[in-house]
Structure formats: C-alpha cells, structure tokens
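Working notes, beginning with the structure itself.
Listed below in structure tokens is the structure:
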C-alpha cells in the first residue's frame, strides 16, 4: 500500500494552479540540487515552464514523475544527458521506464 506521504500533493511553488505529488517534488528538488549553482535558477525556470506546458497540453493539474523526466530531457542540452541520467539513477528515478535509453 502506498504511503500517504508519497501520494499526498502540494501546491505548485511556481503558480499556475498545478499541484505536485510529494515524492515527485522531492525528486525534482534533488535533481535541481545536482545542477551547478550558477545554472540552477535558469534550469529550474525552464524545466518548470516545460512541466506547465506538458500538463496544459494533457489537460491535467497534477505533476507526476513522467512529467519531470520528460521536462528534464527536453530542456537539458544533449551533451549533458549522460550526467543527468546518472543523477536520475542516483536518486532512484528510472527514466528508462518512460522510453529513454540508458
């Protein structure tokens, strides 16, 4: 049975009326922490905007794990996909289940 803390939701800190699954928000924050400080705020803004677009296109309001994986892959330059994949693996996020190669 899924733990309540994992299934509860939290308001989107970036506005837009979206809500985050708590476990997904934690993964998002952990991935952001891996980005160099000088780029972090820019990356957070671009990735958050991509998540907003994904959810609007799908007519949804709850951010899930696939949304953050798709947004990180879309907004991270290809040359940095290797380290990003490593970071995802480190935090226990299996990006391959969403169709991305190892």
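Residue numbers (this note's numbering): 286 to 387. Idealized CB from N, CA, C, for every residue including glycine.
1) Roughly how many angstroms separate the alpha carbons of residue 339 and residue 381, rounded to a whole number?
2) Can you name, in chain order, every residue of its own chain whose Cβ lies under 7 Å from the Cβ of residue 321, other than the five neighbours on each side?
3) Would you mind working out which of 335, 376 and 305 sits nearest residue 361, comparing C-alpha positions?
4) Here's the rule: buried if 16 or more other CB atoms are within 10 angstroms of the residue's CB, otherwise exposed. What is residue 309?
5) CB-CB under 7 Å to residue 315, same chain, minus the five flanking residues each way: which ones, in chain order?
6) So if DSSP puts residue 360 in a beta bridge, which residue, or which two residues, is it bridged to?
7) Is residue 372 closer than 7 Å to residue 311 when the C-beta atoms are compared?
8) Assuming residue 374 is part of the alpha helix (DSSP H), what are its boundary residues?
Let me lay it out:
1) Walking along the chain shown from the start, residue 339 turns up at place 54. Walking along the chain shown from the start, residue 381 turns up at place 96. Rounded to whole angstroms, residue 339 to residue 381 spans 19 Å at the Cα level.
2) Within the chain shown, numbered from 1, the residue matching residue 321 stands at position 36. Excluding positions up to five away in sequence, the list is empty.
3) Taking the chain shown and counting its residues from 1, the one referred to as residue 361 is at position 76. Comparing Cα positions, the closest option is 335.
4) Numbered from its first residue, the chain shown carries residue 309 at position 24. Counting Cβ neighbours within 10 Å, residue 309 comes out buried, since at least 16 surround it.
5) Against the chain shown, residue 315 aligns to sequence position 30. Excluding residues within five positions, the ones whose Cβ falls inside 7 Å are 376.
6) The count along the chain shown starts at 1 and reaches residue 360 at position 75. DSSP, once it has assigned bridges, lists no residue as partnering residue 360.
7) Position 26 of the chain shown, counted from the start, is the residue given in the question as residue 311. Position 87 of the chain shown, counted from the start, is the residue given in the question as residue 372. No, these two residues do not count as a Cβ contact at 7 Å.
8) The sequence position of residue 374 within the chain shown is 89, counting from 1. Start and end: 366 to 375.
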